[in-house]
Amino acid sequence: MEPALNHSSLRLICSWSGGFPPPVLHWRGDLIQNLSNARQQTNLLNVSAMLLPSVGKTPNTSLSTCVGSHPALKQLTECSTRTLLPPAEPLCFAYVTNSQQYLMLSCSWDGGAPKALVWWEGPGGQSKGGQENSNILVLRYGTARSGKPYTCYAQHPLLLQPKTCRLTLEAPVLLTQRRVVSVYEGTDVQLTCNLRANYLPVNEITWFNNRGADIQDTSKYMLLRTSAWANLTVRNADETQDSGEYRCSTSNAVGGAEINVTLLVKKYPMPPNATLIRVMYNSRQRQQVEAEWQVESGEDGGWTGFFLEYRKVSERPGKRGGSNGSQETVEGSGTSQVWYRITIQDPETRSHTVYGLIPTITYQFRITAINYLTFGHPSAGKTPGVKHAAKCKTFNPKNDSISK
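Straight run, no breaks: the sequence shown in the UniProt record's numbering ends on number 404.
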């Protein structure tokens, strides 16, 4: 059995070689009984052929039997063949070669007897003629037409009309949860990029930073990615360094796509001003200073702590003592003098004692409110005063007077 007339008909062929005189061959079965215009021919090579042109009227499966007789045999000899329509629908899919040189469109319709004929028709003359069982259309990478259907036709002699399956090739489409992301500086922020459902494989999703550089895993950036998404984390976001446009990009055999995400890194609000209200040595040894301050705002919140700073103003000759400890040092603005910084992380604190000062040195203190990474204006500098001890008065009974 074989297809005939471009898969629009069936041809039944039966042969029985040898013998003299030649055997007599003929076909029988449901197909032959139901078709009055079936033509059966037997040639001198002991081959019987029958053409069944009435396509579409045959059932999904039919048995046809070739019967042979010969004078030397008392019994008939026969062989059978069965027609079968493929049980499923045609299957189409696309894949890219490992070298990314070609895009392959594959179409198959398996399981029929005889085998089906398949062929591709695409936009712009991108087609290929039919062949049995399977057919592959080879396109150079990047030449496929985006959004245009490629149709596979599958013809079987048992059907009047061919079956079809279609592939519509598309360039990738990228999505993000938020096109504009706003955070306060000092925090970690995640930018998302995911691929809309697309059957064509894509190249790796790539992120570019606000200066257009390809992002890799560093202490500043962390990338988490799969074949369908890539998320970028910017660590310890800085207003000056990290604000701007970030770009997510990918491509496939049809085309490329990219999406921009704007990162806005904001400073925390300016904290209110703080003012020193008392700076005093707590002993005549001048090694400890008690500082008290107030915040110039009646509202709660707006600051997360304070910087209490002090620096050396002058030094008197004398014995040095004490130690400056391990406080952080900060260069004063416009001066070479060093400010020693103490960070107070409790926003409710309004006083602090500084230890380890050198008695022969005169210090100046100032207080600054902070709101995370935003610093307020330093207060005016204040030099510590000395607590005066109370003077006791004594009574002299002789002169009945009080002496100091």
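Using N, Cα and C, we set each Cβ at its ideal position, and we do this for glycine too.
Residue i (DSSP reduced to helix, strand or coil)
| i | result |
| --- | --- |
| Glu239 | helix |
| Pro123 | helix |
| Ile277 | strand |
| Asp110 | coil |
| Gly322 | Bear in mind that the predicted position of Gly322 carries a pLDDT of just 47, short of 50, making it unreliable; the figure below should be weighed with that in mind. It is coil, neither helix nor strand. |
| Tyr95 | strand |
| Asn231 | strand |
| Thr368 | strand |
| Gly186 | coil |
| Tyr141 | coil |
| Val202 | strand |
| Asp303 | First, the amino acid is wrong: residue 303 is Trp here, not Asp. Note: Trp303 maps to coil in three-state DSSP. |
| Thr176 | coil |
| Arg284 | coil |
| Asn133 | Per-residue confidence for Asn133 stands at a pLDDT of 49, beneath the threshold of 50, marking its modelled position as unreliable; no derived number is given. |
| Cys193 | coil |
| Leu12 | strand |
| Lys387 | coil |
| Tyr309 | Checking the sequence, you will find Glu at residue 309 rather than Tyr. Glu309 falls in the strand class under three-state DSSP. |
| Glu348 | coil |
| residue 406 | An answer regarding residue 406 cannot be provided, because it is not within the stretch 1 to 404 covered by the chain. |
| Ile361 | strand |
Alpha carbon of residue i to alpha carbon of residue j, nearest angstrom
| i | j | result |
| --- | --- | --- |
| Asn236 | Thr187 | 5 Å |
| Pro90 | Leu160 | 16 Å |
| Leu5 | Thr176 | 55 Å |
| Glu348 | Thr275 | 14 Å |
| Asp242 | Tyr372 | 18 Å |
| Gly152 | Leu84 | It is worth fixing the name first, because residue 152 is Cys in this sequence and not Gly. Going by the C-alpha atoms only, they are around 21 Å apart. |
| Trp27 | Ser62 | 13 Å |
| Cys14 | Val96 | 44 Å |
| Thr164 | Cys92 | 9 Å |
| Tyr221 | Ile215 | 7 Å |
| Leu263 | Gly212 | 14 Å |
| Tyr355 | Gln288 | 5 Å |
| Pro21 | Pro3 | 31 Å |
| Cys107 | Glu204 | 27 Å |
| Leu105 | Cys79 | 39 Å |
| Glu290 | Lys387 | 11 Å |
| Gly302 | Arg179 | 29 Å |
| residue 408 | Thr206 | Nothing can be reported for residue 408: it is not among the residues displayed for the chain, which extend from 1 to 404. |
| Thr353 | Thr233 | 41 Å |
N-terminal and C-terminal residue of the beta strand (DSSP E) that residue i is part of
| i | result |
| --- | --- |
| Cys165 | Lys163 to Thr168 |
| Glu245 | Gly244 to Ser251 |
| Glu89 | Per DSSP, Glu89 belongs to no beta strand (DSSP E) and is neither H nor E. |
| Gln61 | Just to set this straight, residue 61 is Thr in the shown sequence, not Gln. Residues Thr61 to Ser69. |
| Trp27 | Val24 to Gly29 |
| Thr262 | Gly256 to Lys266 |
| Ala154 | Pro149 to Gln155 |
| Ser351 | Ser351 to Val354 |
| Pro3 | Glu2 to Ala4 |
| Ile344 | Val338 to Ile344 |
| Thr83 | Thr77 to Leu84 |
| Gln101 | Segment: none, Gln101 is in no beta strand (DSSP E) and carries neither H nor E. |
| Met222 | Tyr221 to Arg225 |
| Ala291 | Val289 to Val295 |
Sub-8 Å separation of residue i and residue j beta-carbons
| i | j | result |
| --- | --- | --- |
| Leu103 | Gly122 | no |
| Gly111 | Pro149 | no |
| Leu195 | Ala228 | yes |
| Leu76 | Ser48 | no |
| Phe306 | Tyr246 | no |
| Gly124 | Ala253 | no |
| Ala171 | Ala257 | yes |
| Arg311 | Gln345 | no |
| Gly29 | Ser64 | yes |
Chain-order list of residues whose beta-carbon lies under 6 Å from that of residue i (same chain, five-residue window excluded)
| i | result |
| --- | --- |
| Asn231 | Gln190, Thr192 and Leu224 |
| Val313 | Thr362 and Gln364 |
| Gly244 | Asn210 |
| Tyr268 | Tyr184, Asn371, Tyr372 and Thr374 |
| Ser333 | Low per-residue confidence applies at Ser333: pLDDT is 43, beneath 50, and the placement is therefore not dependable, though the value from the model is reported in the following sentence. Once the five neighbours on either side are set aside, Ser333 has no close Cβ partner at all. |
| Arg286 | Pro359 |
| Arg366 | Glu309, Pro378, Ser379 and Gly381 |
| His7 | Leu117, Gln155 and Pro157 |
| Asn260 | Glu245 and Arg247 |
| Glu315 | Thr360 and Ile361 |
| Arg166 | Pro149 and Thr151 |
Close-in-space but distant-in-sequence residues of the same chain around residue i (CB under 8 Å, 5 per side omitted)
| i | result |
| --- | --- |
| Ser219 | Arg235 |
| Gly385 | Val279, Met280 and Tyr281 |
| Gln294 | Ala274, Thr275, Ile277 and Arg350 |
| Gly147 | Thr168, Leu169 and Glu170 |
Chain-order list of residues whose beta-carbon lies under 7 Å from that of residue i (same chain, five-residue window excluded)
| i | result |
| --- | --- |
| Thr304 | Pro347, Ile370, Asn371 and Tyr372 |
| Val265 | Val183, Glu185, Ala237, Asp238, Glu239, Asp242 and Ser243 |
Cβ-heavy atom distance, residue i to the ligand HEM, below 7 Å
| i | result |
| --- | --- |
| Ala369 | With respect to the ligand HEM, the structure offers nothing, as it holds no ligand at all. |
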